Amino acid sequence: MMDAATAEGNFVPAHDETKRSKVLRGFRRSDRTFRLLTLASAIAVLVLLAGVMLSLLIGSLPAWKAFGFEFLTSESWNPVKDKFGALPAIYGTLLTSFIAMLIGVPVSLGIAIFLTEICPQSLRRTISIAIELLAGIPSIIYGIWGLFVFAPWFQSTIQPFLIDTFANVPVLNQLFAGPPYGIGMLTAGLILAIMVLPFITSITREVFDTVPPVLKEAAYGVGCTRWEVMKRVVIPYTRVGIIGGVMLGLGRALGETMAVTFVIGNAHRIVPSVLAPGTTISASIANEFTEAVGEIYTSSLIALGLILFFITFVVLAAARLMLMRIERKAGK
Amino acid sequence: MRFMSYAVAAGLAMAFTVSTAQAADISGAGATFPYPIYAKWADAYKKETGIGLNYQSIGSGGGIKQIKAKTVTFGATDAPLSGEELDKVGLIQFPMVMGGIVPVINLEGIKPGEIVIDGPTLAKIFMGEVTKWDDAALKKLNPDVKLPSSAIAVVHRSDGSGTTYNFTNYLSKVSPEWKDKVGTEKAVEWPVGIGAKGNEGVANNVANTKGSIGYVEYAYAKQNKLTYADMMNKDGKKVAPEMSAFQAAAAGADWKGTPGFAVILTDQPGAKTWPITAATFILMYKDPKNTADSAAALKFFDWAYANGDKMAAELDYIPMPDSVVALVHEEWKEIKDTAGKPVFAMN
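As given, the protein sequences belong to chains A and B, one line each in that order.
For the first sequence, this note's numbering assigns the number 725 to the last residue and increments by one with no breaks.
For the second sequence, this note's numbering assigns the number 370 to the last residue and increments by one with no breaks.
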């Protein structure tokens, strides 16, 4: 900006010198104010983050003191004896998110590919709007729908089918062991998959659109099929963006509270069967915080919050690391 | 323009009335179970006296926390505090209203009251030891009912609750194994089952899950038209969940000899007694900061005892017997101002 102003200055008569420097000073001032404002906003985020972290740490201190490292490995969640362990909640959080990703990511990618490459122009708008609407539905609606509509149907159709089909297959009969409750870990995972779908779809769709047509056309030109174009041109080109979208979806799945607490069954247990009820960190906090009596109980719930904070942090950091590695590789 | 000035005037008038009303409001917080009846009483009381009630139904635990922090005039809890605990903080406690807790089931072809369960079997179901509906224990209790061989899906509360406190208290009384392994608390480590939030959550889950069994306040079972089960009581008699059976449970209780009226009405004797009945309690300071507020609250409770029975029955709560109300009136004399004069004068 300075350069431009000086260059322009050559054409300004000498008697305007003072006026010009005044204007320039004004620019400088507003520029500095602007910089300070943005800096303050950026620092505010850091302060907030540190504040949240600190209050979680302080709040959870009694639990860490009472249970130590065992809090992370203990399966017991016993308010009568004041003995708490986070393992079932951590397990439930990771398992439901894993199921959500397992189903949500391929479906989202499929939708995005269909929309950008295959879908006729007329249908494209309708499907995109439907997906955007899906993103706008409040999570409690997903929970209610899951409990009243999806779970009873699931209980009377899919779950008995899964249990019967795999009854004599080793390992799988453990994974799909009854009784069919309707609600449980798998149900929660499926509802989460639907919830993360619009996020991953809309981001991957956008990044797919950034692929230069010339690349794709070249690939088609040498006789590639659609599948080959997707696999060898579009997806490698947009890898970073896809991972970004997946991580955003994963972040939502990890922290989702209301919808999950409706359909997961809220039981602090670890069972091999994915049809069994379980719990997640955020569901436990939402369920129990209001009625948690005593320092240790409350503090254990806050400690759960800290763990969720940590898990989310690790996931984001891992995503960053992955992106950096991919970018470095691509740079070579 | 004229419209605007009317609107402003109306707004001001409204703001004014709201703020004056708030100044005289009685503030309380606690249990969710009695909230519907407190709200109904408060509504009627406001029409009569102009004094409103600001009751936050945040749960018994929250009610105890808030009264200890002195942010409210009274706290409300389903799980009574012990006499020692009351003395330590300087609180008095009295029962306000009662309710029944009933086992509800969802079993194809079974109508309300067709199945009877006894305490030990109920405990075994909630322990995960009885897992099928055609278990020998259930067959023995119901020889004439055709029970399916489907799995039992246990539904319990996922949040801390007075209902759970009384339910687990009952199971502890009838099953030594339950007492030993699980115990009595507002939230326990459930051996089996799925958790649902609130009475309505349990009611919905039972209604939606085939082969399920849960426990809810009687009002929820009735309003949601759930299939309840009859129970065998302490005297070994079969009883159905109804007003008279809940009242019978309260009749025999030793209200007078129990500090803070901390009577648990589960597993009470009597041929007609429903075995899982519970009272809900109010907590107030003996030496309140603001005596006028406490007097206003007591006036409201007194009015509710005198005029609220019919409204309570309409919502399927059980009013306190008059003998107990007389004892509560005695207890109220403990609430005194700094001069040592009771803040509430009986007339």
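We treat Cβ as the ideally placed atom computed from N, Cα and C, and that holds for glycine.
None of the values given here were measured: they were computed from a predicted structure.
Asked                                                                                                                                                                                   : Found
Please decide whether A46/B counts as near chain A, where near means a Cβ-Cβ distance under 8 Å.                                                                                        : Because the pLDDT of A46/B is 46, which lies under 50, any placement of that residue in the model is unreliable, and the number read from its coordinates should be weighed accordingly. No, because no Cβ of chain A sits closer than 8 Å to the Cβ of A46/B.
Does the beta carbon of I81/B sit closer than 8 Å to a beta carbon anywhere in chain A?                                                                                                 : yes
Out of Y68/B, D158/B, L145/B and Y188/B, state which residue places its alpha-carbon closest to the alpha-carbon of T100/B.                                                             : Y188/B
Can you give, in chain order, each stretch of the alpha helix (DSSP H) that sits fully within the segment 233 to 260 of chain B and has at least 4 residues?                            : 241 to 246
Does the structure place the segment 300 to 317 of chain B close enough to the segment 357 to 370 of chain B that three or more beta carbon pairs sit under 8 Å?                        : yes
Would you please verify whether the beta carbon of K233/B is less than 8 Å from any beta carbon of chain A?                                                                             : yes
Could you give the residue range of the alpha helix (DSSP H) that holds V604/A?                                                                                                         : It is not in any alpha helix (DSSP H) - V604/A carries neither H nor E in the DSSP assignment.
Nearest-angstrom Cα distance between A710/A and R632/A?                                                                                                                                 : 17 Å
Rounding to the nearest angstrom, what Cα-Cα distance links S423/A and L430/A in this structure?                                                                                        : 10 Å
Return helix, strand or coil for T43/B, following the three-state DSSP convention.                                                                                                      : At T43/B, the pLDDT of 44 sits below 50, so the modelled position is not reliable; the number obtained from the coordinates is stated separately. Three-state result, T43/B: helix.
Considering only their Cβ atoms, is the gap separating S693/A from A456/A smaller than 8 Å?                                                                                             : yes
Does any residue of chain B have a CB that is nearer than 8 Å to the CB of I576/A?                                                                                                      : yes
Answer yes or no: do A652/A and Y574/A have a C-beta to C-beta separation smaller than 8 Å?                                                                                             : no
For the alpha helix (DSSP H) that Q89/B lies in, which residues bound it at each end?                                                                                                   : S83 to K91
Beta-carbon within less than 6 Å of I533/A's beta-carbon, same chain only, minus the 5 sequence neighbours each way: which residues are those?                                          : M651
Run through DSSP, which three-state label would F427/A get?                                                                                                                             : helix
Distance check for S677/A and D302/B, CA to CA, integer angstroms please.                                                                                                               : The amino acid at residue 302/B is misidentified as Asp; the sequence shows Ala. When rounded, the distance between both Cα atoms is 28 Å.
Drop a sphere of 10 angstroms on the beta-carbon of Q291/B, count the other beta-carbons inside from all chains shown, and report buried for 16 or more, exposed for fewer.             : buried
Which residues bound the alpha helix (DSSP H) around G216/B?                                                                                                                            : Segment: none, G216/B is in no alpha helix (DSSP H) and carries neither H nor E.
Since N227/B meets chain A, which of its residues come closer than 7 Å, beta carbon to beta carbon?                                                                                     : L540
Using DSSP with H/G/I as helix, E/B as strand and the rest coil, what is V366/B?                                                                                                        : coil
Mind pulling the beta strand (DSSP E) runs of 3 or more residues that sit fully within the segment 483 to 548 of chain A?                                                               : none
When the Cα atoms are used, what is the spatial distance from E71/B to I148/B?                                                                                                          : 49 Å
Grouping DSSP H, G and I as helix and E and B as strand, with all else coil, what is Y340/B?                                                                                            : coil
Is it a yes or a no for the segment 175 to 185 of chain B touching the segment 211 to 223 of chain B, going by three-plus beta-carbon pairs under 8 Å?                                  : yes
Quick one: which residues of the segment 461 to 479 of chain A get their C-beta closer than 8 Å to a C-beta of chain D? List them in chain order.                                       : Note that chain D does not occur in the displayed structure, where the protein chains are A and B.
Which residues of the segment 641 to 663 of chain A have a Cβ closer than 9 Å to any Cβ of chain B? Give them in chain order.                                                           : T654, F655, I657, G658, N659, A660, H661 and R662
Could you check the C-alpha separation between I87/B and T191/B for me, to the nearest Å?                                                                                               : 20 Å
Is there contact here, the segment 137 to 144 of chain B with the segment 245 to 256 of chain B, by at least three beta-carbon pairs under 8 Å?                                         : yes
Once you ignore the five residues that flank G206/B on each side, which residues in its own chain have a CB closer than 6 Å to its CB?                                                  : none
Can you give me the start and stop residues for the beta strand (DSSP E) that Y630/A sits inside?                                                                                       : Careful: Y630/A lies outside any beta strand (DSSP E), inside the alpha helix (DSSP H) at I628 to G648.
Are the C-beta atoms of E688/A and some chain B residue less than 8 Å apart?                                                                                                            : no
Between which residues of its own chain and E599/A is the CB-CB distance below 8 Å, once the five residues before and five after are set aside?                                         : G634
Return helix, strand or coil for P591/A, following the three-state DSSP convention.                                                                                                     : helix
For the structure I just gave you, are there three or more beta carbon pairs, one from the segment 75 to 86 of chain B and one from the segment 257 to 274 of chain B, closer than 8 Å? : no
Secondary structure at W297/B, three-state DSSP: helix, strand or coil?                                                                                                                 : coil
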